[in-house]
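K.L.:
Shown next, in the form of structure tokens:
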């Protein structure tokens, strides 16, 4: 299955989020996509470090949100 990972930072006071990066991955299922997503938190090259990510399908439907850590 194809998934899009959207890495972002969340501002807690108003829940605004800024997307830092998006990448596409191929994984057998949602659990495998979660494993890949968690491993990318540590290796993402970005001036700002993301504190959350969303896993989306091709139609941009959100499957899950994860927090760093």
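Residue numbers (our numbering): 79 to 147. Cβ coordinates follow ideal geometry from the N, Cα and C atoms, glycine included.
1) Do residue 113 and residue 80 have their C-beta atoms within less than 7 Å of each other?
2) In or out: residue 132 buried (at least 16 other Cβ within 10 Å) or exposed?
3) Residue 102 lies in the beta strand (DSSP E); which residues open and close that run?
4) What residues in its chain sit with their C-beta under 8 Å from that of residue 100, if we drop five residues either side in the sequence?
5) Residue 119 and residue 96 - do their beta-carbons sit closer together than 7 Å?
6) According to the Cβ coordinates, are residue 128 and residue 87 closer than 7 Å?
P.N.:
Checking against the coordinates, here is how it stands:
1) In terms of Cβ geometry, residue 113 and residue 80 do not form a close pair [threshold 7 Å].
2) With 16 or more other Cβ atoms within 10 Å, it is buried.
3) Where residue 102 is concerned, the enclosing beta strand (DSSP E) stretches over 94 to 104.
4) The answer, listed in chain order, is 82, 83, 84 and 85.
5) For the 7 Å CB-CB criterion, residue 96 and residue 119 do not form a contact.
6) Result yes, Cβ atoms of residue 128 and residue 87 sit closer than 7 Å.
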